[in-house]
Each structure stands twice: as C-alpha cells, then as structure tokens.
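Taken in sequence, the protein lines are chains X and L. Once you know that position 35 of the first sequence is 35 in the working numbering, the rest is easy, because the numbers rise by one and skip nothing. If you count the second sequence from 1, you need to add 1000 to reach the working numbering. Notes follow once the structure below has been shown.
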Amino acid sequence: MGKAGKEQNMENRKMKESCKMNKKLEVKDLIAMGIFSAIYIVVFLAVIMVSGLVPVVYLFSGAIGAVVLGTVYMLYLSKVGKRFSVLILGVIFTTLLGAQVGVWTMFVTGYSMAILAELIASKGKYKSFTLNMVSFIFFSFMPFGVYGAFWLLRDTMLESAKVYGEAHAQRLSELTTTPMLFALIAATIAGAIIGAYIGKKLLKRHFKKSGIV
Amino acid sequence: MQKKQKLQLHPGTKLIMLLLLNVPIFGITDKNIILPFVVFALILLILSREYKVVFKYIVLYAVITSIGVFSEYIPDIIIDLTSTLLVSLKMFLPLIAYGLLVARTTTISEVSYMLDQLRMPDGVIIPFLVMFRFFPTIHEERKMISNAMKLRGIGIDFKNVVSQPLKTAEFIYVPMLFTLLNIGTELTNASLTRGLGGTQKRSYLSTVHMTWQDAVVLAVFFAMIVFFFYLKMSGGIV
C-alpha cells in the first residue's frame, strides 16, 4: 500500500476539489460572463441595425441574429458551462434591452425564455451538443417580445398604424397574419440550429486547436 | 465657485417610470395623450443637461410624425415596405425617451450600489459591471482588427459583407473573441489582486438615495397617469 495508496488518495482529493470548483461560479467565470454578455448584446444590436435597413426583414432579426450568435453561445457554454450561467446571460440581455425599448412583453418573453434555456442546458450539464442547441433555440426567442409585438399587442399596434392611412393598416394586418407568425417561429428555430452548427464548426476549427476551450 | 446644479434621479425612479409608461401606452389608444409623457421625459433630460440627446430625439420624433402627416404624398410602396419598422418606432418612441433617460443619466457605480441594496447576488452584479466596462473595449478591438484585416486585403466593407458574409463574419469574430478572452483573463487577475471575490462585503465610493427630487418627479408622473385614466373613464378621450 504505502506510497501508491497515498497517491491514490491525493488524486481522489484533487478530483473532488476540481469537481467542487467546477460547479461553483468563481470570479473568473463572472468576468467571462460579463464579457460574453457585452459581445452578445453588441452583435445583436449590430444585426438589428443592419436588418433594419430592409424593413420587412426587421421581423426576422431574431432569426438572423441566431445564425450569427450561435458561435458566441456555444463558446460561452464550453467556457463557462456552469449552473446559472445561461440564466445570468439571459437576465442581463433582457434587462439591458428592456431598459432601452421598455415594452413589457420584452421582459416577459426574455425572462421566461432565459429560464427555459437554462433548464434545458443544465439537463445535459452544458456539454451535450443537442441539448445546448435546443436551449439556444429557446434563447433566440428572448427578443421576440419586441418584434413579436405585432402579434402580442396586435390591436394597439394596428390601431397606431392607421396614422399612415387605413389602406396601409389593412395591408400591415394582412402581412402580420398567423401563418406569418409560424413562418417567423420556424425561421428563428432554423436560424438557431444553423447558428449552433456554425458555432460547433468554428469552435472545432479555431478554439479547440489553440487550447482556449 | 458655484457649480451649476443638475438633476440627479435615483435609477429606481427612472426604471419605475419606464415600466409604468406601458400602462398608458397600451391602455389608452389615443396617441396624442402620450405627448405630455414624452415632453416630461425631455424636460427631465434637459434638466440633466443632455441637450444633444434631446435634439436628436426631437428630430427622430419629428421625422416619424411627419411621415404620418404627409403619408398621402409618399408613394404607397415605400410606406408598405417600411410599415413594420415605422409602426414599431412610433409605438416605442415614448418608451425610448425614458430609455434614454435611464441610459444617459445613470452611472455604473449607481447601478451597482442599487443592485447591492436590492440584495442581488454577486453573480449578477459582477457580470453587469464587467459588461459595461467591455463595451468601449469591443469598439477599440474591432477597429484594430479591421485595420489589421485591411492590410491583408480583407477589409470589412460593403462588397465583402455582401459577397462573402460568413467568411467576413468569421474573420472579425474569431480574433475578437480571442482578444477579448485574453483581456478577460488579465482583468480577472487584476481584480482578484484587488480583492474581488473575497469574503468581505464591498464598500462603495458613491451612494444614491431617494431624494425630494425623486418624490416630485414620481408624484407628477403618477398624477399624469391618473389624470388621463380619469379622462378616459369619463369618456373625454378614447
């Protein structure tokens, strides 16, 4: 026994310690969270600005954003994949965007989707790619409260569209029908899946090689 | 030497107003009613000496409103194409006025103090503060990366974004994530050295409290909401 047993013991203790450390959020993780929230928000706003140039596309900004942001999300999970990490990213994103736009639906969809995404990602211990992808799909629905207001607050929005003429309001209500809503949801889901796969590819190509992940 | 007094509101006051404004906006459909609320926000911004923002906001508001007034003279196709954005902007503009009030007049230390008073865990406060610190850093790094890219003929310009969007995105994205993560590691070491993450409670250099200014502003705001709902009940407006 002697030496070998001692070594075994040491190794066990190290493993236990590293397990404990992995579960709890440290200062290192908190700072990484802040960085990722900043990147997430900046990239999302950039996408909204670019897609706002072609206004019908504005409705699909969530889907386009998901394609671009998949990389950030996947890198975030592999870097800070710990309990509450997804939730905190979601809460910060929602609070900051909500404090700018101020629509109450943004807060509702934002916080609820963040909680769902956190639950799903934590099911796979933030390591299973499939579950991470599903959680990213929910995560991409967070800003739905802003551009989805045409359905969530339909009457008020259409009422205010009448300023631009009854005919326009009519056409807008024809544009924002239920099939369109389904198209929007389908597009967001597809965007999130594509984004997740792009993220996986980029992670493998750049970050795993350099040892950052 | 006397410094000119400027309005300083508690961040909580501004957030309460931002959230409560949803009630009249989505509860009263007569849009002219919202104008007093917008004027109120602009007055608060002026008192906080944010003249530039007020000017830009008024220009944007005027443009959006004038499109509504002159809609007969604008080709149908333009309004149809832009209607989703126009209507969203029109609905959200009053809210954005209060959003500007929050964003422009609140300092980071105020926010952190307020979150601490609300007994938020460190897990929420620290990422929040780090995020604000990183917005300018991201801007700087992006500039440096695009300079480096230009040298190699893969600049971030319109042609490249349109012809090969994924590649261009990858070339900006990946180096950006790399540098930011490295900066993050340095920041972690620096802040650990200064005692972040210790067991002691942190102290604050600047504190904020509710003052009589907050009380007055909130009272006026509530009075406006109650007044307009009274008008609506009595059938004065729809």
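Note that beta-carbon positions come from the ideal geometry of N, C-alpha and C, so glycine has one too.
Pick from the options that is closest to residue i, judged by C-alpha positions
i: X/Lys-204; options: X/Ile-92, X/Trp-151, X/Phe-129; result: X/Phe-129
i: L/Leu-1035; options: L/Met-1224, L/Met-1233, L/Asn-1182; result: L/Met-1224
i: X/Tyr-197; options: X/Leu-69, X/Leu-89, X/Val-56; result: X/Leu-69
i: L/Lys-1150; options: L/Phe-1171, L/Val-1216, L/Ile-1046, L/Leu-1166; result: L/Phe-1171
i: L/Val-1068; options: L/Leu-1047, L/Lys-1090, L/Tyr-1057, L/Ser-1048; result: Checking the sequence, you will find Gly at residue 1068 of chain L rather than Val. Minimum Cα distance to L/Gly-1068 is reached at L/Lys-1090.
i: X/Gln-170; options: L/Tyr-1057, L/Thr-1065, L/Thr-1084; result: L/Thr-1084
i: L/Glu-1110; options: L/Gln-1005, L/Ser-1203, L/Val-1217, L/Phe-1227; result: L/Ser-1203
i: X/Asp-155; options: L/Gly-1099, L/Val-1220, L/Val-1216, L/Ser-1088; result: L/Ser-1088
i: L/Ile-1025; options: X/Leu-45, X/Ala-190, X/Met-157, X/Ser-210; result: X/Met-157
i: L/Gln-1117; options: L/Ser-1234, L/His-1209, L/Ile-1043; result: L/His-1209
i: X/Glu-174; options: X/Ala-190, X/Phe-150, X/Ile-41; result: X/Phe-150
i: L/Pro-1094; options: L/Met-1017, L/Ser-1071, L/Pro-1136; result: L/Met-1017
CB-CB length for residue i against residue j, believed under 8 Å
i: L/Val-1038; j: L/Ala-1097; result: 5 Å
i: X/Ile-39; j: X/Val-72; result: 6 Å
i: X/Leu-75; j: X/Ser-37; result: In fact, because the Cβ distance is near 13 Å, the residues do not count as touching under 8 Å.
i: L/Leu-1100; j: L/Tyr-1057; result: 7 Å
i: L/Gly-1197; j: X/Val-27; result: 4 Å
i: X/Ala-117; j: X/Phe-84; result: At roughly 12 Å, the Cβ-Cβ gap does not stay under 8 Å, so X/Ala-117 and X/Phe-84 are not in contact.
Where residue i falls, given that 16 or more other Cβ within 10 Å makes a residue buried
i: X/Ala-192; result: buried
i: L/His-1139; result: exposed
i: L/Ile-1046; result: exposed
i: X/Leu-202; result: buried
i: X/Phe-168; result: The sequence as given places His at residue 168 of chain X; Phe does not occur at that position. Label assigned to X/His-168: buried.
i: L/Ser-1163; result: exposed
i: L/Ile-1108; result: exposed
i: L/Gln-1005; result: exposed
i: L/Met-1144; result: exposed
Distance between residue j and residue i (C-alpha atoms, nearest Å)
i: L/Arg-1142; j: L/Lys-1201; result: 36 Å
i: X/Met-21; j: L/Ser-1191; result: Because X/Met-21 sits at a pLDDT of 48, beneath the cut-off of 50, its placement in the model cannot be relied upon, and the following sentence gives the value as read from the coordinates. Rounded to whole angstroms, X/Met-21 to L/Ser-1191 spans 19 Å at the Cα level.
i: X/Gly-199; j: X/Ile-31; result: 22 Å
i: X/Lys-24; j: L/Arg-1194; result: 21 Å
i: X/Tyr-147; j: L/Leu-1166; result: 25 Å
i: X/Phe-207; j: X/Ser-140; result: 23 Å
i: L/Lys-1052; j: L/Thr-1105; result: 13 Å
i: X/Asp-29; j: X/Gly-62; result: 27 Å
i: X/Phe-144; j: X/Met-113; result: 10 Å
i: L/Lys-1232; j: X/Leu-97; result: 31 Å
i: L/Phe-1228; j: L/Phe-1134; result: 42 Å
Chain C contact residues for residue i, given Cβ-Cβ distances below 8 Å
i: L/Ser-1083; result: Absent from the structure is chain C; the protein chains it does hold are X and L.
Between the segment 1146-1154 of chain L and the segment 116-124 of chain X, can you find at least three pairs of beta-carbon atoms closer than 8 Å?
In this structure the segment 116-124 of chain X does not touch the segment 1146-1154 of chain L; the number of beta carbon pairs closer than 8 Å is below three.
Three-pair Cβ contact test at 8 Å for the segment 1070-1086 of chain L versus the segment 1169-1187 of chain L
They do not touch, by the three-pair rule.
Does the structure place the segment 1004-1023 of chain L close enough to the segment 179-190 of chain X that three or more beta carbon pairs sit under 8 Å?
Cβ pair count under 8 Å is below three, so no.
Contact the segment 97-108 of chain X vs the segment 129-138 of chain X: 3+ CB pairs below 8 Å
In this structure the segment 97-108 of chain X does not lie against the segment 129-138 of chain X, because fewer than three pairs of beta carbons, one per stretch, are closer than 8 Å.
Count Cβ pairs between the segment 77-93 of chain X and the segment 1117-1127 of chain L that sit closer than 8 Å; are there 3 or more?
Contact holds: three or more Cβ-Cβ distances are below 8 Å.
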